[in-house]
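Working notes, structure below.
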Amino acid sequence: MERDGVSNPSEKRVAVVTGGNKGIGLEVCRQLASKGVVVVLTARDETRGSEAARRLHASGLSDVVYHKLDVSNPSSAARLADFVKNKFGKLDILINNAGVIGATAEIDTTAPLQDVARMQRRGSSGY
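First residue of the sequence shown? That's 0 in numbering that gives the first Met the number 0, and the numbers climb one at a time after it.
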């Protein structure tokens, strides 16, 4: 039985790979699919994600599907969870490979250096 391009999805293990469109994530997708695992390749960029899945299909790995995912967006993660539940009814493997940059802040690095210099001067004079 084939469902949406995936053969016998209920009989196979199902994996989600975040950040699966390039680098280590793409290779993880390739390795899992070559072992008979159904792979949901995820990426933020729809063009790159779809192209990565197409390349895997072209290499003979047909049990790979693309789904858009921005791991920093809770509603995007919820849509992925619904997709996996509705399409496969289970999730066996989760590979969290997506790179996430957290909040940033400007830090005044001159004050701590001055404090360090002052401490060193005190230490060298015996205080």
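Using N, Cα and C, we set each Cβ at its ideal position, and we do this for glycine too.
Top-ranked residue by Cα proximity to residue i, from the options
i	options	result
Pro-58	Thr-17, Val-16, Gly-18 and Leu-25	The sequence given here places Ser at residue 58; Pro does not occur at that position. When only C-alpha atoms are compared, the closest one is Leu-25.
Phe-82	Ser-61, Arg-53 and Thr-41	Thr-41
Arg-53	Lys-21, Leu-90 and Lys-89	Lys-21
Ser-33	Ser-75, Ser-61 and Lys-67	Ser-61
Val-64	Ser-74, Gly-98 and Leu-79	Leu-79
Rounded distance between the beta-carbons of residue j and residue i, thought under 8 angstroms
i	j	result
Arg-47	Asp-69	Going by Cβ atoms, the distance from Arg-47 to Asp-69 rounds to 13 angstroms, so no, they are not a contact pair.
Val-27	Gly-19	7 angstroms
Leu-31	Ala-14	5 angstroms
Val-16	Asn-72	Val-16 to Asn-72, Cβ: 18 angstroms. No contact.
Val-38	Phe-87	Not quite, the Cβ-Cβ distance comes to about 11 angstroms (not below 8 angstroms), so this is no contact.
N-terminal and C-terminal residue of the alpha helix (DSSP H) that residue i is part of
i	result
Lys-86	73-87
Leu-25	22-33
Ala-14	No alpha helix (DSSP H) holds Ala-14; the beta strand (DSSP E) holding it covers 13-17.
Ser-61	Looking at the DSSP string, Ser-61 is not in any alpha helix (DSSP H), and its letter there is neither H nor E.
Leu-55	45-57
Distance CB(residue i)-CB(residue j) smaller than 8 angstroms
i	j	result
Ile-92	Arg-29	no
Counted within 10 angstroms of its Cβ, other Cβ atoms place residue i as buried (16 or more) or exposed
i	result
Arg-2	Caution is warranted here: a pLDDT of 45 is assigned to Arg-2, below 50, making its placement in the model unreliable, and the coordinate value is therefore given only provisionally. Exposed.
Residue range of the beta strand (DSSP E) that includes residue i
i	result
Val-131	Nothing in the structure corresponds to residue 131, since the chain is present only between 0 and 126.
Leu-93	92-95
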